[in-house]
Structures are given as structure tokens and as C-alpha cells.
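Sequential numbering of the sequence shown, starting at 13, is according to my numbering.
Remarks on the structure that follows.
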Amino acid sequence: MSTDLQQTQQTITQGKQYHPVQYCLFYDFFTVFAKGQSIIQNIQNGSVRLEGALLLSKRYKAALKRAIKMLEQPDTFNDSSQTDVLQLGEELCSVNLIWSLVEAVSIRPSHNLISIDLLEWARECFPSTQSVVPSSQEGRPHETSFLSSIMESLMQQEKPELHDSYWNAVIRQAICADFETVATLLQFHSEYKTDEHIRKMVKFMNTANDALFKHDRTNCEEFLTLIKKVRDFTSQNQHGRLNDNLAVICSLVIGDKGTFRKYFDIFRPSWFEVLPAFLLFFYPSVDDEQMPKVIERLFELLGLRRLELSKIEQTVLAILELDVIRALKIICSAGPSLCWFAVHLVDLLHFHDPTYLNPEASNFSSFQTKFIFQNETDKEMENLDLRSRLLVEYSQLLFQNDQLWEIGADYLISSNLKNCNEILEKIIGQFNWFGNVSIAERILVICEKYELWNAREDILKAITMKYCHLNEWSTALNWALRMQNRHSLAAHVAKRILQGAIQSSKIGQMRIFESMADQFVDCSELVLLYKFYTFKRRLSEGELRQAIQLLHELFVDNSSPIEFHVTLGEETARLLAAFQQELLSTEAFDPTTSRITGLDKESIHDMFRALSMFQLQQNLLESASIGEKEQQKSLFSDSSLPTLEVYQKLADLIQTLRPMLAELLASSCLT
């Protein structure tokens with residue numbers, strides 16, 4: 013392989029590379045995506061859309077969790093640095109957090125209370141395995157659980173309540189409305205079985221958990237009734253009768269803002285982790301439209317400023333304020349690294365409700381960003397809606413990695429986009445595969461799979477021309493014959509071979525003719541080349557009878573280029589000279605007639621007439637060659653009309669062949 017081909021291979025394989033977990037994730041996500049596209053074609057009503065969207069969302073999240081779990085096995089990826097693994101883990105956990113939030117806010121039964129749906133989201137993304145003490149406030153859901161280690165150690169102790177970490181854990185989970193964990197921890201108290209207040213609090217926690225998650229989610233009447241009972245319980249146990257820590261829990265449940273702010277400052281969880289509890293404690297019946305105002309009140313209570321929020325906090329805030337468009341803009345601003353996330357999230361929202369992102373999101377230009385550098389004058393791209401544009405961008409991004417080309421094509425074709433074949437064909441047309449045959453073969457498989465005939469023809473033509481420039485004519489012809497409209501280019505290649513691009517002796521080594529001869533019958537150049545190949549093969553195999561007959565057929569056919577006339581003349585002269593010197597095998601003779609098989613008197617006369625026609629053609633073409641040379645256009649940059657030397661050589665051969673044929677005709681062996 014030449015140096016430029018090797019450089020091309022290097023350039024392509026050094027494209028955008030990913031962690032092994034990301035490859036698994038991309039393929040898992042495509043499987044879910046393709047399933048969604050097949051489902052959507054059979055959807056008839058909104059209820060099915062909601063159920064289908066929730067099903068797809070759960071499958072996407074399952075793929076995310078599998079990827080996170082794979083990253084938690086450090087021995088599996090010895091080639092990856094710990095920093096890369098941690099960074100990818102944080103990214104996937106953030107994606108899971110945002111994905112689950114979009115599901116809780118945007119893909120849910122309209123009659124559900126958003127406060128309860130957000131509590132469910134918090135339970136999923138901030139489980140009781142979350143770090144629970146101030147020193148671990150920067151923890152992430154996938155890190156080692158501090159609470160789990162506390163519970164393990166508490167089971168070994170007689171009086172866990174004597175340790176600060178115990179009450180830290182209880183109150184930390186109470187401020188997040190994690191009632192189930194609070195009840196579990198309180199049961200480890202050494203006086204649980206004897207202390208009526210502790211048992212009562214455990215009962216309150218279990219009742220709250222059942223009221224919110226096991227019963228009707230369309231209202232919070234049961235929880236409001238419970239709040240009244242907790243308030244009464246607190247009033248009945250004033251003046252120090254109630255344990256201070258239990259009193260804190262009661263104050264949180266009944267909605268004491270001072271207590272909420274105090275312990276938020278102590279434990280410093282993320283504001284969106286306590287938001288569901290804030291809604292439940294202070295605004296349990298809030299509806300979707302009231303969310304922006306309620307969030308503003310939370311920020312005022314906790315002393316938070318919007319300008320100080322991180323990117324992920326800005327994204328969460330936008331979703332909670334029901335501004336998914338703003339959230340998507342923030343996600344897209346992260347660049348190509350989150351393209352896979354944005355495209356599937358938008359597609360899921362489109363699946364749930366095709367009008368959800370319109371009309372504002374139908375114009376991609378409002379996002380002020382793009383993942384791949386594109387020609388902004390491309391009107392087709394400018395007119396695409398957000399989902400379509402992201403799908404095209406994502407497909408282009410996948411084509412930058414040699415392990416993801418196939419699913420890059422599959423995404424577009426399965427996306428139900430209008431003109432998806434044309435878009436894919438355009439992407440493939442711009443793909444930098446040139447010069448590397450193994451890469452071209454993979455791209456051709458994609459072209460054939462999706463009937464991208466124009467792109468396929470362009471690739472085959474480019475490869476053919478490449479091999480022509482490398483003087484690998486047999487290979488060039490092989491590629492040309494794979495084209496659907498092969499005859500034009502294949503004829504040019506065959507003509508160049510006939511004109512002497514390779515030595516005539518090597519034509520007999522072009523094995524391509526053995527399996528593809530049936531394709532040549534409608535192209536005169538290929539017919540000539542195939543006959544000459546067969547002639548050389550028969551000659552080398554000692555089958556002179558067939559060889560001489562084929563040579564005669566070629567000799568009297570005047571449709572071949574002048575240069576090939578020279579080749580035929582040389583082959584004829586060589587055979588006749590060999591006969592005169594009695595070097596031909598006796599297989600060339602017919603013992604019953606003592607004649608050279610394949611040559612009789614009529615054949616010799618035909619060859620004389622052919623020589624006369626050759627000479628006439630020579631005179632006509634030679635006189636016109638100078639003018640034609642100025643006008644001729646060819647696929648090959650080095651193509652030219654025959655030189656004067658070629659015409660002179662042919663004239664000399666004609667003068668040589670005439671007496672040889674005359675002598676052969678007069679020979680006593682031809683009666």
C-alpha cells in the first residue's frame with residue numbers, strides 16, 4: 013500500500029474515540045431508539061404514546077445504569093485512567109439525573125401531583141445510599157454509601173443514638189423527605205421498643221411513605237391529615253417532653269421554614285435534592301404552572317442566586333420551571349460530548365407528544381450552537397426541525413468513529429425523517445474514506461443496504477480511478493465492473509489496457525475474466541479484452557487451435573484502438589514467424605488436411621482485407637489526429653491520441669505481415 017493510503021488509514025482510525033463503556037451505551041441506546049421508531053408507526057392515541065414513552069424512558073435509563081455499573085468495576089478497564097473513568101461516571105450520573113427529571117416533569121399522567129412525582133424522582137436519583145453527613149456533601153449517587161456504612165456499624169452497637177452520625181443521618185434524610193429511611197434508622201434506637209414517642213414517629217414516617225407512594229397520587233389529602241396529627245403530637249409534647257431530634261423531624265414535616273433553612277445550612281445538600289421535600293412540606297398541592305414561583309421562594313429561603321448555579325443546576329432549574337427548550341439549549345451548548353444525550357431526549361419528547369417542542373424548537377438556529385461544523389448555507393439543514401437536525405448531527409458525529417459508522421447510518425434510516433436516504437447519501441459523499449479500500453468496502457455495504465446508488469457509484473468510480481493512477485489495471489477493472497452503470501468507466505479502463513497501459517503478456521494473468529465474463533457482452537472494449545485474454549491463456553496452455561482462431565477474430569475486428577492493432581500485429585507476426593521456423597506444436601495442424609487449424613484460405617484472405625482496412629484507417633486517423641488531440645477529453649489526465657510513432661509502427665507491421673501471409677497462402681500445406 014502506498015504512503016498516502018497508509019496516511020489515509022491513520023487519519024480515519026484516529027477519529028473521535030470513546031471509552032469502551034460509551035460504545036456499549038451507544039449501541040444500547042440505538043436499540044431502544046430503533047424500537048421506539050417501530051412503535052411510533054402503530055400509535056393511534058395519546059394514552060398509548062404516554063405508556064410507550066414511559067417504557068422507552070425506562071429502557072434508556074436501564075442502559076445508563078448498566079453503563080454506570082460497568083464503570084464501577086475498575087479492573088475491567090486497565091487501559092483507562094482513573095480520572096477518565098471518574099469523569100465519565102460523573103457525566104453519566106448527571107445524565108441519569110436530568111433524564112429522570114424530564115420523565116418526572118414532562119412524561120407523566122396529567123392528573124398526578126407534581127410534588128409526588130418529584131418525590132419519586134428524588135427517591136430514584138438520591139437513594140438512601142447517598143452520603144448523609146456534612147463532610148461528604150460532595151458525594152455522588154454512585155460513590156460508596158456513607159449511610160450504608162453507618163447502618164452496618166449501628167447494627168453492631170447497643171446505643172447508636174449516642175453517636176452524632178446517627179442523628180445526622182436521621183435528620184439529613186428527613187430534610188429530603190426520605191421517610192422510609194428515617195423510619196428504618198429510628199428502629200435502630202436502643203429505646204425503640206420502650207419509647208412511645210419513637211414508636212409514634214416511626215408510625216408517622218411509615219404512614220407518610222404509604223400515603224405518598226402506595227396510595228392515590230392525584231392528591232395529598234392523606235398526607236395533609238398526617239401533618240395535622242404530627243402538629244397535634246408536637247403540641248401535646250411541648251416543654252421538653254419530646255426528644256430534641258424528634259422535635260426537629262416534626263418541625264420539618266409540619267413546615268417550619270426556620271428549621272428547614274437551619275439544617276439545609278448544616279448538611280448543604282444540593283438545592284434540587286431538597287426541592288421535592290420543600291414542595292411537600294410547604295406547597296404540597298402545587299400545580300405545574302406554579303412551579304417557577306415556588307422555586308423562587310425556595311431560592312429566597314436558602315439564599316441562593318441563579319447566577320451562581322452550575323450548568324447542571326441551570327439545566328435542572330429549566331426543567332423544573334417547565335422550560336425544556338432552555339434546558340436543551342444548555343445541554344447542546346456542551347458540544348459533541350453530549351450529542352447522544354440531547355438527540356435521544358428530544359426524540360423521546362417527540363415520541364410522547366410531537367407538538368411538545370413546537371413551534372419554538374422547530375427552528376434550530378435559536379440554539380446558537382451546533383455539534384459538527386457544517387455549511388451554514390445548506391438550506392436543507394436550515395429548514396430541519398430540532399429533532400431532525402440533532403439526528404443528522406449525531407449521525408455525522410458517529411461517522412467520525414470507525415466503530416460507529418453502521419449505526420450512524422441506521423439512525424438516519426430508522427428515524428422516519430423525510431428524505432433520510434438523501435441526507436445519508438450526502439453524509440457519505442462528504443466522508444473522508446478515500447484511498448483505503450477496506451474502509452470503502454464497509455461504506456459500500458451501507459450504500460447497498462440502503463440503496464444509496466449515487467454514493468455507491470461515486471465511491472466505486474473514485475477507487476477505480478485511484479487504481480488506474482497506480483497502474484493496477486486489473487484491480488481497477490474489477491472495481492469498475494461493480495458499478496451499476498459500469499460500462500462507461502469499465503470501457504475506458506479496458507480501452508486503456510488495450511492501448512498498452514500494461515504489457516500484453518500480463519493480460520493473460522487478469523483472473524478477473526474467469527468469473528465475470530458474462531458481464532462483458534454489451535461492451536465492445538471488454539469483449540475485445542476478454543478475447544485477447546482468452547487468446548493469451550490458450551496460447552500459454554498450448555491450445556493453439558483455439559488461440560489461432562481467437563487471434564484471427566481479433567485481427568479482422570477493426571473496432572479496437574490503433575495501439576491494440578499494433579499489439580495484434582505483433583502477436584500475428586510472432587505466430588507466423590514461429591510457423592515458418594517450424595516452432596509451432598503439431599497440435600496446430602490438422603493431420604487429415606495438413607493445414608494449420610484455425611487458418612484456411614478464406615481466413616488468410618480475411619486477414620489480407622483486414623490489413624488493407626488497417627492501412628486505410630491508419631491514413632485517415634493519422635491525418636485527423638492533430639486536430640482531435642486538441643478536442644479530446646478523457647477521464648484520465650494522461651490520456652492522449654496515438655502518437656506518430658504508433659502509426660509508423662503499425663505501418664511497418666503491415667508491411668511485414670503482407671509477405672508472411674502471402675507466403676502462408678502459397679504454402680503447399682494450404683490447398
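Idealized CB from N, CA, C, for every residue including glycine.
TODO: Return the chain-ordered list of same chain residues with a C-beta closer than 8 Å to the C-beta of residue 242, the five sequence neighbours on each side being excluded.
DONE: As a first step, residue 242 is located in the sequence shown; it is residue number 230 there, counting from the start. Setting aside the 5 residues that flank it on each side, residue 242 is surrounded in the same chain by 216, 262, 265 and 266, each with a C-beta closer than 8 Å to its C-beta; the list follows chain order.
- [ ] Just mark residue 667 as buried or exposed, buried being the case when its beta carbon has 16 or more other beta carbons within 10 Å.
- [x] The count along the sequence shown starts at 1 and reaches residue 667 at position 655. By the neighbour-count criterion, in which a residue is buried when 16 or more other Cβ atoms sit within 10 angstroms of its Cβ, residue 667 is exposed.
- [ ] Could you say if the region 281–288 and the region 233–242 meet the contact criterion of at least three C-beta pairs nearer than 8 Å?
- [x] Short answer: they don't touch.
Task: Per-residue burial, residue 481 [other beta carbons within 10 Å of its own, 16 or more giving buried] - done: Residue numbering aside, residue 481 sits at position 469 when the sequence shown is read from its first letter. With a threshold of 16 other beta carbon atoms within 10 Å, residue 481 falls short and is exposed.
Task: Contacts around residue 44, its chain only, beta-carbon distance under 7 Å, and the 5 residues preceding and following it disregarded - done: Mapped onto the sequence shown, residue 44 falls at position 32. 68, 71, 72 and 75, listed in sequence order.
Open item on the list: Would residue 272 and residue 342 qualify as a contact pair, given that the criterion is a beta-carbon distance under 8 Å?
Closed with: Within the sequence shown, numbered from 1, the residue matching residue 272 stands at position 260. Within the sequence shown, numbered from 1, the residue matching residue 342 stands at position 330. Result no, Cβ atoms of residue 272 and residue 342 do not sit closer than 8 Å.
- [ ] Using the Cα positions of residue 494 and residue 422, report the straight-line distance between them to the nearest angstrom.
- [x] The count along the sequence shown starts at 1 and reaches residue 494 at position 482. The count along the sequence shown starts at 1 and reaches residue 422 at position 410. Put simply, the backbone Cα of residue 494 is about 24 Å away from that of residue 422.
Task: Proximity below 8 Å, CB of residue 566 to CB of residue 580 - done: Counting from 1 along the sequence shown, the entry for residue 566 is found at position 554. Counting from 1 along the sequence shown, the entry for residue 580 is found at position 568. Yes, these two residues count as a Cβ contact at 8 Å.
Task: Integer Cβ distance of residue 286 from residue 294, believed to fall under 8 Å - done: The residue labelled residue 286 in the question sits at position 274 within the sequence shown. The residue labelled residue 294 in the question sits at position 282 within the sequence shown. With 8 Å as the limit, residue 286 and residue 294 do not qualify as a contact, their Cβ atoms being about 11 Å apart.
Open item on the list: What does the alpha-carbon distance come out to for the pair residue 698 and residue 427?
Closed with: Nothing can be reported for residue 698: it is not among the residues displayed for the chain, which extend from 13 to 683.
- [ ] Assuming residue 173 and residue 179 form a contact by the criterion Cβ under 8 Å, report the distance between their Cβ atoms to the nearest whole angstrom.
- [x] Numbered from 1 along the sequence shown, position 161 holds the residue referred to as residue 173. Numbered from 1 along the sequence shown, position 167 holds the residue referred to as residue 179. About 7 Å; that satisfies the 8 Å criterion.
TODO: Consult DSSP for residue 2 and reduce its assignment to one of helix, strand or coil.
DONE: Because residue 2 is not part of the residues shown, which for the chain are 13 to 683, the question remains open.
Task: Every unbroken beta strand (DSSP E) within the region 312–379, with a cutoff of 3 residues, ordered by chain - done: Within the region 312–379, no run of beta strand (DSSP E) at least 3 residues long lies entirely inside it.
Task: C-beta contact flag for residue 425 and residue 452 at 8 Å - done: For the purposes of this step, residue 425 is taken as residue 413 along the sequence shown, with counting starting at 1. For the purposes of this step, residue 452 is taken as residue 440 along the sequence shown, with counting starting at 1. At the C-beta level, residue 425 and residue 452 stay beyond 8 Å of one another.
- [ ] Mark residue 350 as exposed unless 16 or more other C-beta atoms lie within 10 angstroms of its C-beta, in which case mark it buried.
- [x] On the sequence shown, residue 350 is found 338 positions in, with the first residue counted as 1. With 16 or more Cβ atoms within 10 Å of its Cβ, residue 350 is classed as buried.
- [ ] May I ask you to report which of helix, strand or coil DSSP gives residue 417?
- [x] Here residue 417 is taken as the residue at index 405 of the sequence shown, counted from 1. In this structure, residue 417 counts as helix in the three-state DSSP scheme.
TODO: Could you round the C-beta distance between residue 365 and residue 126 to whole angstroms and report it? I think they count as a contact, below 8 Å.
DONE: Working through the sequence shown from its first residue, we reach residue 365 at position 353. Working through the sequence shown from its first residue, we reach residue 126 at position 114. The Cβ separation is near 17 Å, so there is no contact.
- [ ] Can you have a look at residue 597 and say buried or exposed, based on whether 16 or more other CB atoms are within 10 angstroms of its CB?
- [x] If you number the sequence shown from 1, residue 597 lands on position 585. Only weak support exists for where residue 597 lies, its pLDDT of 45 falling under 50; the value from the coordinates is given anyway. Classification for residue 597: exposed.
- [ ] Would you kindly check if the distance between the Cβ of residue 511 and the Cβ of residue 582 is under 8 Å?
- [x] The sequence position of residue 582 within the sequence shown is 570, counting from 1. The sequence position of residue 511 within the sequence shown is 499, counting from 1. No, the pair does not count as a contact, with Cβ atoms beyond the cut-off.
Task: Closest residue to residue 33 among 135, 355, 130 and 97 (Cα-Cα distance) - done: Along the sequence shown, read from residue 1 onward, the residue named residue 33 stands at position 21. Closest by C-alpha distance to residue 33, out of 135, 355, 130 and 97, is 97.
Open item on the list: My output table needs one value for residue 230: the three-state DSSP class, helix, strand or coil.
Closed with: The sequence position of residue 230 within the sequence shown is 218, counting from 1. In this structure, DSSP gives residue 230 a state outside helix and strand, which the three-state scheme calls coil.
Task: Enclosing alpha helix (DSSP H) for residue 269 [first to last residue] - done: For the purposes of this step, residue 269 is taken as residue 257 along the sequence shown, with counting starting at 1. Bounds of the alpha helix (DSSP H) holding residue 269 are 269–279.
- [ ] Just the C-alpha distance for residue 322 and residue 338, rounded to the nearest angstrom, thanks.
- [x] Indexing the sequence shown from 1 puts residue 322 at position 310. Indexing the sequence shown from 1 puts residue 338 at position 326. For residue 322 and residue 338, the distance between alpha carbons rounds to 14 Å.
TODO: Indicate whether residue 100 and residue 31 have their beta-carbon atoms separated by less than 8 Å.
DONE: For the purposes of this step, residue 100 is taken as residue 88 along the sequence shown, with counting starting at 1. For the purposes of this step, residue 31 is taken as residue 19 along the sequence shown, with counting starting at 1. The answer is yes: Cβ separation under 8 Å.
Task: Under the three-state DSSP convention, the category residue 672 falls into - done: Within the sequence shown, residue 672 is the residue found at index 660, counting from 1. Correct three-state label for residue 672: helix.
Open item on the list: Short of 8 Å in beta carbon distance, which residues of its chain neighbour residue 463, apart from the five on each side in sequence? Order them along the chain.
Closed with: Here residue 463 refers to the residue found at position 451 of the sequence shown. Excluding sequence neighbours, residue 463 sits near 433.
Open item on the list: Runs of 4 residues minimum, wholly inside the region 50–130: which ones carry the alpha helix (DSSP H) assignment?
Closed with: As for any alpha helix (DSSP H) of minimum length 4 sitting wholly inside the region 50–130, the runs are 58–83 and 94–118, ordered along the chain.
Task: Residues near residue 230 by beta carbon distance below 8 Å, same chain, minus five either side - done: Indexing the sequence shown from 1 puts residue 230 at position 218. Within its own chain, the residues whose Cβ lies closer than 8 Å to the Cβ of residue 230, once the five positions on either side in sequence are excluded, are 123, 124 and 125, listed in chain order.
Task: Where residue 548 falls, given that 16 or more other Cβ within 10 Å makes a residue buried - done: Numbered from 1 along the sequence shown, position 536 holds the residue referred to as residue 548. Residue 548 sits buried, since 16 or more C-beta atoms from the chains shown fall within 10 Å of its C-beta.
- [ ] Thinking residue 224 and residue 128 are a contact (beta carbons under 8 Å), I'd like their distance in whole angstroms, please.
- [x] Along the sequence shown, read from residue 1 onward, the residue named residue 224 stands at position 212. Along the sequence shown, read from residue 1 onward, the residue named residue 128 stands at position 116. Contact between residue 224 and residue 128 holds: their C-beta atoms lie close to 6 Å from each other, under 8 Å.
Open item on the list: Between the alpha carbons of residue 415 and residue 35, how many angstroms are there, rounded?
Closed with: Reading the sequence shown from its first residue, position 403 is the one you call residue 415. Reading the sequence shown from its first residue, position 23 is the one you call residue 35. CA-CA distance, residue 415 to residue 35, rounds to 8 Å.
Open item on the list: If you reduce the DSSP assignment to three classes, tell me which class residue 40 lands in.
Closed with: Locating residue 40 in the sequence shown gives position 28, where the first residue counts as 1. Reduced to three states, the DSSP call for residue 40 is helix.
Open item on the list: Please report the straight-line C-alpha distance between residue 345 and residue 306, rounded to a whole angstrom.
Closed with: For the purposes of this step, residue 345 is taken as the residue at position 333 of the sequence shown. For the purposes of this step, residue 306 is taken as the residue at position 294 of the sequence shown. So the alpha carbons of these two residues sit roughly 27 Å apart.
Open item on the list: Report the CB separation of residue 506 from residue 562 in whole angstroms; it is logged as a contact under 8 Å.
Closed with: Taking the sequence shown and counting its residues from 1, the one referred to as residue 506 is at position 494. Taking the sequence shown and counting its residues from 1, the one referred to as residue 562 is at position 550. Between the beta-carbon of residue 506 and that of residue 562 there is about 17 Å, and that puts the pair past the 8 Å contact cut.
Task: Minimum C-alpha distance to residue 473 - residue among 492, 484 and 483 - done: For the purposes of this step, residue 473 is identified with residue 461 of the sequence shown, where counting begins at 1. Cα-wise, what sits closest to residue 473 is 492.
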